[in-house]
Amino acid sequence: MKKLCLIIFAFVILLGNFAHANTDDDIAVLTKGKWVNKSDGYKVRENSDKTVERYKTIEFNIDHTFVMDSVKLKYTGEWRLIDDNIYLEFNDSDIKTKIAQFDNDKLVVGKDIYKGYSGAFAGLINFYEFTGIPNATLGHIIMVIIGLFFIFLAIRYNYEPLLLIPIGFGIIIGNIPFYQVAGFNLQLGIYEEGSVMSYLYFGVRQGIYPPLIFLGIGAMTDFSSLISNPKLMILGAAAQVGIFLTFIGALVLGFAPAEAGAIGIIGGADGPTAIFLASKLAPNLIGPIAIAAYSYMALVPIIQPPFMKLLITKKERLIRMKPPRSVSKLEKIMFPIVGLLLTAYISPSALPLLGMLFFGNLLKESTVTKRLADTARTSLIDIVTILLGITVGASTQADIFLTPQSLWIFGLGALSFIIATCGGLLFAKLMNVFLKGDNKINPLIGAAGVSAVPDSARVVQHEGLKADPTNHLLMHAMAPNVSGVIGSAVAAGVLLSFLM
Amino acid sequence: MISVIGKIGLDFSAAAGSGVTVAIVGWLIVFAVLTLLVIVFTQIPKLIYYNTRKKLRQQNKQAVVTDDDLHIAGDVSAAISMALYMFFDEMHDEESNVITIKRVRKTYSPWSSKIYGLRTWPGK
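Chain order of the listed sequences is H and B. For reference, each letter of the first sequence is one residue, going 54 to 553 in my numbering. For reference, each letter of the second sequence is one residue, going 19 to 142 in my numbering.
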């Protein structure tokens, strides 16, 4: 029995030696299919700290050549099997010879361990790596849920659907995970040079879309209510206090002055202005600032009413205002020309915005350029809104957007909006102290000074009707509302000239 | 979230200097620009209606012409416009009440004439 055991043991040892020594078998195993390695440490993009796992393959050919397919490059070379070692000599002279060894059914090349698979299965692994599933992160899922929430708000509650639908869908587009690694450009994402989305985003990055939107706004805005009662323009200035107080708040929180200015402008409640200023002062924060500005604009019906109820008494809410006088055509034509000269001379940095706003308005009021005005207020503004919405949404790629900074921007944006609303309301109350008789104003219209045309004016009308179903404040609220647009553009120009 | 808040410290010195100055001056500039617009657009109607005011004064030297005399409220002009629109829109209802039946004669057209049909021999 003992002898039998010894014979079997010796046979196994010999068999092992034979097997190991059998070079032909090793070559057969080596050249069959592909060797696949998965390892960590690949940077998602050049300036990112985040690393991901990526696949690498080696294919050994019978003619003693090999192809190593790394993440970014394909390497070729020749291999030799000497004893137990496989020597890989790369054609690229920069890479030193590597030595590979078998470890059971695996192949060890330096620190990397490769598993052998058939060519078809290795192809499937390659395909799987390029799908969204292995590249998805919790951040992507969170952002997709936010995008769906925006779409839900727009469809279910009709909150700014023209903005929230493109932005919401853009968020989903921007958060479809795909294969990303530093130095490898699939030209898919908005931050990948040469991609279609990147080209469309150019209009946001360079501040091209906002002036075009302002052209459309100018061509669709009737400034009659403002011209008929110019004193209401002051409310548009008062509400801009939100911008400047938030600017101080952002500085206190440690943001750089330029970034603080771009964050503060969220309180202007004017999406195009916020994007314009952010593109100039803090291009790295465009995404969160734009999303915050548009989100809060859409949420005006939720944000403003509690502060209106808090600051304005029941008696004040019942104040009826004198109906606005009818404005002559000459006054309407003079307004954009005089308005541009006065505002742009004091704040020339806001010229792209103010120039286009007043130009659009002149197209409308001159009545001789109806075709141009119609295009500006319909097709042009629609096209730009689509491009702006979808690209701003897509710019919220989770790995770039979901940062502590973004959370702070959202917090400061909300604060800015609230301060601006309260500033407008309180200043309207203050104005009433000096106004007499039927010149008194309903302080609710102060809330419309935060721009957000025409949503905040609509909220004022709604709240006014709640207090008195026969008191229509919409026309009166439109005056501070449109002056808020001018005020926030001037504020943007001022911040630009101070901080750039 | 708590860790995030903890990471950002409050630095009042950053805002105390130029920050507050920028904020105050910036807001004052916005105020100044819009106040200027208020002043200009309060005066513009007075300039526009200067001639009208002068004519009214000449017609009745004792009369004091106020802004309210010259300005028509928006809802008043809307009511006048509506009345005019309805008046012109309903004008077609005032018919002459003379009903006529006129026989319409069709003028001759060779378009469908049988003598130009395909069965006729050419040159006949």
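Cβ atoms here follow ideal geometry from the backbone N, Cα and C, with glycine treated the same way. Just so you know, these numbers come straight off a predicted model, no measurement behind them.
Simplified DSSP state of residue i, which is helix, strand or coil
i	result
PHE106 (chain B)	helix
GLN61 (chain B)	helix
ILE152 (chain H)	strand
TYR347 (chain H)	helix
LEU526 (chain H)	coil
ASP77 (chain H)	helix
ALA505 (chain H)	coil
GLY611 (chain H)	In the structure as shown, chain H begins at 54 and stops at 553. Residue 611 (chain H) is therefore absent and cannot be evaluated.
LYS120 (chain B)	coil
THR554 (chain H)	No answer is possible for residue 554 (chain H): the residues shown for chain H start at 54 and end at 553.
ASN485 (chain H)	helix
TYR232 (chain H)	coil
PHE113 (chain H)	strand
ARG133 (chain H)	strand
C-alpha gap between residue i and residue j, whole angstroms
i	j	result
ILE148 (chain H)	SER101 (chain H)	26 Å
ALA520 (chain H)	ARG370 (chain H)	6 Å
ASP78 (chain H)	GLY130 (chain H)	22 Å
GLY307 (chain H)	MET196 (chain H)	26 Å
TRP54 (chain B)	ALA97 (chain B)	For the record, residue 54 (chain B) in the displayed sequence is Leu; it is not Trp. Cα to Cα, the separation comes out at about 33 Å.
TYR170 (chain H)	TRP132 (chain H)	19 Å
ILE287 (chain H)	VAL513 (chain H)	17 Å
ALA74 (chain H)	ILE115 (chain H)	Note that ALA74 (chain H) has pLDDT 46, beneath the 50 cutoff, so the model's placement of it is unreliable and no number is given.
SER459 (chain H)	ALA207 (chain H)	23 Å
ILE355 (chain H)	GLY476 (chain H)	17 Å
ILE261 (chain H)	GLY540 (chain H)	20 Å
PRO264 (chain H)	GLY413 (chain H)	10 Å
GLY86 (chain H)	VAL120 (chain H)	12 Å
LEU7 (chain B)	SER95 (chain B)	The requested residue 7 (chain B) is not part of the displayed model; chain B covers only 19 to 142.
PRO358 (chain H)	GLU106 (chain H)	50 Å
VAL82 (chain H)	SER248 (chain H)	42 Å
SER348 (chain H)	THR70 (chain B)	50 Å
LEU548 (chain H)	PRO230 (chain H)	37 Å
MET361 (chain H)	GLY499 (chain H)	9 Å
ILE119 (chain B)	MET387 (chain H)	57 Å
LEU215 (chain H)	TYR167 (chain H)	52 Å
SER130 (chain B)	ARG121 (chain B)	22 Å
THR326 (chain H)	ALA292 (chain H)	15 Å
LYS489 (chain H)	HIS515 (chain H)	25 Å
LEU552 (chain H)	LEU406 (chain H)	18 Å
Beta-carbon contacts of residue i that lie in its chain and below 6 Å, excluding the five residues immediately before and after
i	result
VAL161 (chain H)	GLN154
LEU304 (chain H)	ALA313
GLY546 (chain H)	SER400, SER402, ALA403
ALA322 (chain H)	MET350, VAL503, SER504, ALA505
GLY289 (chain H)	GLY502, PRO533, SER536, GLY537, GLY540
ALA173 (chain H)	none
MET250 (chain H)	ILE243, ALA447
LEU437 (chain H)	Looking at the sequence shown, residue 437 (chain H) is not Leu but Val. Around VAL437 (chain H): TYR262, LEU265, ILE266.
Same chain only: Cβ atoms within 7 Å of residue i, ignoring 5 sequence neighbours per side
i	result
TYR232 (chain H)	GLU182, PHE183, ASN188, LEU239
LYS493 (chain H)	ILE372, ASN485
ILE434 (chain H)	ILE266, GLY269
GLY192 (chain H)	ALA451, ASP452, LEU455
LEU440 (chain H)	LEU253, GLY256, TYR262
PHE203 (chain H)	LEU217, ILE220, GLY221, ILE224
Same chain, Cβ closer than 8 Å to residue i, neighbours up to 5 away in sequence not counted
i	result
PRO507 (chain H)	MET531, ASN534
ASN138 (chain H)	ILE152, ALA153, GLN154
ILE453 (chain H)	TYR244, GLY340
ILE443 (chain H)	PRO219, ILE220, PHE222, GLY223, ILE226, LEU253
beta-carbon residue i near the ligand SAH non-hydrogen atom, thresh 7 Å
i	result
MET196 (chain H)	No copy of the ligand SAH occurs in the structure displayed, which carries no ligand at all.
When Cβ atoms are compared, which residues of the stretch 44-65 of chain B fall closer than 9 Å to chain H? Taking 9 Å as the Cβ-Cβ cut-off, the stretch 44-65 of chain B approaches chain H at GLY44, TRP45, ILE47, VAL48, PHE49, ALA50, VAL51, LEU52, THR53, LEU54, LEU55, VAL56, ILE57, VAL58, PHE59, THR60, ILE62, PRO63, given in chain order.
With three or more C-beta pairs closer than 8 Å as the rule, is the stretch 299-314 of chain H touching the stretch 516-528 of chain H? No: the two stretches stay apart, fewer than three of their Cβ pairs being nearer than 8 Å.
Where the stretch 89-109 of chain B meets chain H: residues whose CB sits under 9 Å from a CB there: Answer in chain order: HIS89, ILE90, ALA91, GLY92, ASP93, VAL94, SER95, ALA96.
What residues in the stretch 368-379 of chain H have a beta carbon less than 7 Å from any beta carbon of chain B? Those residues of the stretch 368-379 of chain H placed with their C-beta closer than 7 Å to a C-beta in chain B are PRO376, PRO377, ARG378, SER379, ordered along the chain.
Contact between the stretch 270-278 of chain H and the stretch 291-305 of chain H (3+ Cβ pairs under 8 Å): With the cut-off at 8 Å, the stretch 270-278 of chain H and the stretch 291-305 of chain H do not touch.
Under 8 Å: do the stretch 331-338 of chain H and the stretch 499-506 of chain H share three or more Cβ pairs, one atom per stretch? With the cut-off at 8 Å, the stretch 331-338 of chain H and the stretch 499-506 of chain H do not touch.
Report the residues of the stretch 398-415 of chain H with a CB closer than 7 Å to any CB of chain B, ordered along the chain. Within the stretch 398-415 of chain H, the qualifying residues are ILE399, SER400.
I want to know whether the stretch 372-383 of chain H touches the stretch 218-238 of chain H - three or more CB-CB distances under 8 Å. Taking 8 Å as the limit for Cβ pairs, the verdict is that the stretch 218-238 of chain H does not touch the stretch 372-383 of chain H.
Check distances from the C-beta atoms of the stretch 187-212 of chain H to those of chain B and list, in chain order, the residues that come in under 9 Å. Taken residue by residue, none of the stretch 187-212 of chain H has a beta-carbon sitting less than 9 Å from a beta-carbon on chain B.
Mind checking the stretch 524-538 of chain H against chain B and listing, in chain order, the residues whose C-beta falls within less than 9 Å of any C-beta there? Cβ contacts with chain B come from MET528, SER536.
Quick check: the stretch 438-452 of chain H against the stretch 462-478 of chain H, are there 3 or more CB pairs under 8 Å? Judged by Cβ distances under 8 Å, the stretch 438-452 of chain H makes no contact with the stretch 462-478 of chain H, as fewer than three pairs qualify.
Kindly confirm or deny that the stretch 39-48 of chain B and the stretch 427-438 of chain H touch, where touching means at least three C-beta pairs closer than 8 Å. Verdict: no, contact absent.
Chain B contacts made by the stretch 379-393 of chain H, where a contact means CB separation under 9 Å: Here the close residues are SER379, VAL380, SER381, LEU383, GLU384, MET387, PHE388, VAL391, GLY392.
Is the stretch 362-369 of chain H close to the stretch 209-225 of chain H, with three or more CB pairs under 8 Å? When C-beta atoms of the stretch 362-369 of chain H are compared with those of the stretch 209-225 of chain H, fewer than three pairs fall below 8 Å, so the two segments do not count as touching.
Any residues in the stretch 333-357 of chain H with a beta carbon nearer than 9 Å to a beta carbon of chain B? Which ones, in chain order? Of all residues in the stretch 333-357 of chain H, none places a beta-carbon less than 9 Å from a beta-carbon of chain B.
Report the residues of the stretch 162-180 of chain H with a CB closer than 8 Å to any CB of chain B, ordered along the chain. Answer set for the stretch 162-180 of chain H: empty.
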